[in-house]
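Down below is the structure, laid out as structure tokens.
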Amino acid sequence: MIHFVGAGSGAADLITIRGKSYLEQADVIIYAGSLVNPTLLDYAKPGCEIFNSATMTLEEVIAEMERAEKENKMTVRLHTGDPCLYGAIREQMDRLTELGITYDVCPGVSSFCGAAAALQAEYTLPNVSQSVIITRMAGRTPVPERESIRSFAAHGATMVIFLSTGLLQELSAELMAGGYDADTPAAIVYKATWPDEKVMRCTVSTLYETAQANNVRKTALIVVGRCLEGEYDLSRLYAADFSTEFREATR
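Just so you know, we're using my numbering here: the sequence shown kicks off at 1 and counts up by one.
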């Protein structure tokens, strides 16, 4: 059995109870060494085989999984955050299906949730934004034209931008070309929930300068939107004049 496990946003104690249990039971762990907190490997039992997929090809990862199955071993494929976001798990699952190997997925706390916690922010504020766009700049991995930063920026929604810290000058230009004002609140969150987490607040137009001043070049998320500051409406759910299934309005 192969268990794809979301490692969480960084801190070792933010893995799910199920994910921790799988790590403790695993005979083989293949982890994304470039991003996963290595402290999580402390949960592995003695004798567990551990592989760092940062140094492996897809074929090599699948070969280790196939070998473990033939040896009747349980494997954990440990991905950063939640594996459904930029985790490259579909290609692994398709190969396993072709090989007739059973697998499942254990979700994790995504780094975009960790970034919100670090910012003490709510992405979906009434009358400010009720949508969150999770995306990335086109780089070595292309992005469909219909999903360009510029086209998404036209919505004015909260945006969380992955894998783009090395392209901040271009990112600022695309955000403003799409409709965000230069002074729109933004933030760079470096290694959200890790011990060396760092939060840098800025604006859309000063993303690059802020990253340079703090020597941040990778492992950071960019958050953009008016949800980061300013006025908002209170939730109707808790308003005294609002009835729900569980509570009658009091005025």
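Even for Gly, the Cβ is constructed at its ideal location relative to N, Cα and C. Nothing here was measured: the structure is a model prediction, and the numbers come from that model.
Is residue i buried or exposed, if buried means 16 or more other CB atoms sit within 10 Å of its CB?
i: E147; result: exposed
i: T80; result: buried
i: A154; result: exposed
i: T165; result: buried
i: F4; result: buried
i: S243; result: exposed
i: G139; result: exposed
i: E69; result: buried
i: A7; result: buried
i: L175; result: buried
i: A240; result: exposed
Out of the options, which has the shortest C-alpha to C-alpha gap to residue i?
i: Y123; options: M159, D27, L14 and Y208; result: M159
i: A182; options: I188, V189 and A173; result: A173
i: G33; options: K218, M56 and A26; result: M56
i: S111; options: L119, D104 and V105; result: L119
i: A177; options: V204, D13 and Y43; result: V204
i: D196; options: N127, E60, A220 and A240; result: A220
i: K218; options: L35, M93 and A12; result: L35
i: R236; options: E229, E248, G230 and K198; result: E248
i: L14; options: E59, E229, P107 and G179; result: P107
i: V128; options: L23, I89, E245 and G230; result: G230
i: T193; options: D104, A239 and A11; result: A11
i: V61; options: A240, I2 and G225; result: I2
i: Q130; options: G87, T16 and Y232; result: Y232
i: R136; options: I222, I188 and R251; result: I222
Just to check, is the beta-carbon of residue i closer than 7 Å to a non-hydrogen atom of the ligand SAH?
i: I17; result: You won't find the ligand SAH in this model; it holds no ligand whatsoever.
Could you check the C-alpha separation between residue i and residue j for me, to the nearest Å?
i: G100; j: P83; result: 21 Å
i: L125; j: Q212; result: 30 Å
i: S151; j: E98; result: 37 Å
i: C48; j: L78; result: 14 Å
i: K20; j: A26; result: 10 Å
i: T210; j: V216; result: 9 Å
i: Q169; j: A157; result: 20 Å
i: K191; j: C227; result: 21 Å
i: T75; j: L85; result: 21 Å
i: G114; j: E24; result: 24 Å
i: F246; j: Y238; result: 11 Å
i: I30; j: R18; result: 17 Å
i: Y180; j: S9; result: 28 Å
i: I161; j: Y43; result: 31 Å
i: K45; j: N72; result: 17 Å
i: T206; j: Y103; result: 44 Å
i: K51; j: T184; result: Per the sequence shown, the amino acid found at residue 51 is Phe instead of Lys. Roughly 43 Å between the two C-alpha positions.
i: L58; j: V224; result: 34 Å
i: I89; j: A121; result: 29 Å
i: L96; j: I134; result: 28 Å
i: A116; j: C202; result: 15 Å
i: L40; j: T16; result: 12 Å
i: Y208; j: M200; result: 11 Å
Along the chain, where does the alpha helix (DSSP H) that runs through residue i open and close?
i: Y31; result: Run containing Y31: none in the alpha helix (DSSP H); it sits in the beta strand (DSSP E), V28 to Y31.
i: R18; result: I17 to Q25
i: E71; result: Note, E71: premise wrong, no alpha helix (DSSP H); not H, not E.
Can you tell me where the beta strand (DSSP E) with residue i in it begins and where it stops?
i: F4; result: I2 to G6
i: E49; result: E49 to N52
query = What beta strand (DSSP E) runs, 3 residues minimum, are completely inside the stretch 165-240?
reply = 185-190, 198-203 and 220-224
Minimum length 3: unbroken beta strand (DSSP E) runs contained in the stretch 90-173 = 103-106, 132-136 and 158-162
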